[in-house]
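Participant: First the structure, which I've put down as structure tokens, then a few questions once you've had a look.
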Amino acid sequence: MADLKDFAEQLVNLTVKEVNELATILKEEYGIEPAAAAVAMAGPAAGGGEAAEEQSEFDVILKAPGGAKLAVVKLVKELTGAGLKDAKELVDNAPSPIKEGVSKDEAEALKAQLEEAGAEVELK
Numbered sequence: 008m009a010d011l012k013d014f015a016e017q018l019v020n021l022t023v024k025e026v027n028e029l030a031t032i033l034k035e036e037y038g039i040e041p042a043a044a045a046v047a048m049a050g051p052a053a054g055g056g057e058a059a060e061e062q063s064e065f066d067v068i069l070k071a072p073g074g075a076k077l078a079v080v081k082l083v084k085e086l087t088g089a090g091l092k093d094a095k096e097l098v099d100n101a102p103s104p105i106k107e108g109v110s111k112d113e114a115e116a117l118k119a120q121l122e123e124a125g126a127e128v129e130l131k
């Protein structure tokens, strides 16, 4: 049981980049779609009737880049895999969606990273 708790703690503390790498490994080596895995993991944790009502997909919206615009552009580039020009356009055209249809955990991790860089972020 302690091993499972340690494993759960490791999963919770993954960075967004590590989560993306894990999703790629799961898909390519084991044929597990990351979205299906997130839903499968979230399903049993929720209680009965609440599962149908609970929002399972979130959009990460950049409301404003804040004072450190360059740092936010670099982070958006890293998080989205977009080119520098596309990342800059996303930041310049705020409010704009950074990622859509992601799991709650991924959305919160993205929000935390963007806010740490100085951006104003909203989850929908």
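The working numbering puts the first residue of the sequence shown at 8, with every later residue one more than the last. For every residue, glycine included, the Cβ atom is placed at its ideal position computed from N, Cα and C.
1. Give the secondary structure of Glu129 by DSSP, where H, G and I count as helix, E and B as strand, and everything else as coil.
2. Which residue's Cα is closest to the Cα of Lys81: Glu96, Asp112 and Lys70?
3. Quick one: complete beta strand (DSSP E) runs, 3+ long, within the region 85-125?
4. Hey, could you find the ends of the beta strand (DSSP E) Ala9 is sitting in?
5. Could you check what DSSP says for Ile39 in three-state terms: helix, strand or coil?
6. Report the residue from Leu21, Val26, Glu16 and Ser110 whose alpha carbon sits nearest the alpha carbon of Val67.
7. Spatial neighbours of Gly108 within its chain, please: CB distance less than 6 Å, with the 5 preceding and 5 following residues excluded, ordered by chain position.
8. When DSSP labels each residue in this structure, what does Ala30 get in the three-state scheme?
9. Could you spell out where the beta strand (DSSP E) holding Ala71 opens and where it closes?
Facilitator: The relevant details are as follows:
1. The residue you call residue 129 lines up with position 122 of the sequence shown. The answer is strand: DSSP assigns Glu129 an E or B state.
2. On the sequence shown, position 74 is the one that residue 81 refers to. If we check each option's Cα against that of Lys81, Glu96 comes out closest.
3. 103-109
4. Walking along the sequence shown from the start, residue 9 turns up at place 2. Per DSSP, Ala9 belongs to no beta strand (DSSP E); it is in the alpha helix (DSSP H), Ala9 to Val19.
5. Within the sequence shown, numbered from 1, the residue matching residue 39 stands at position 32. In this structure, Ile39 counts as coil in the three-state DSSP scheme.
6. For this step, residue 67 is matched to residue 60 along the sequence shown. Among Leu21, Val26, Glu16 and Ser110, the Cα nearest to that of Val67 belongs to Ser110.
7. Residue 108 sits at position 101 when you count from the first residue of the sequence shown. The residues are Glu64.
8. Residue 30 sits at position 23 when you count from the first residue of the sequence shown. Here Ala30 sits in helix by DSSP.
9. The residue given as residue 71 occupies position 64 in the sequence shown. Counting along the chain, the beta strand (DSSP E) containing Ala71 begins and ends at Phe65 to Ala71.
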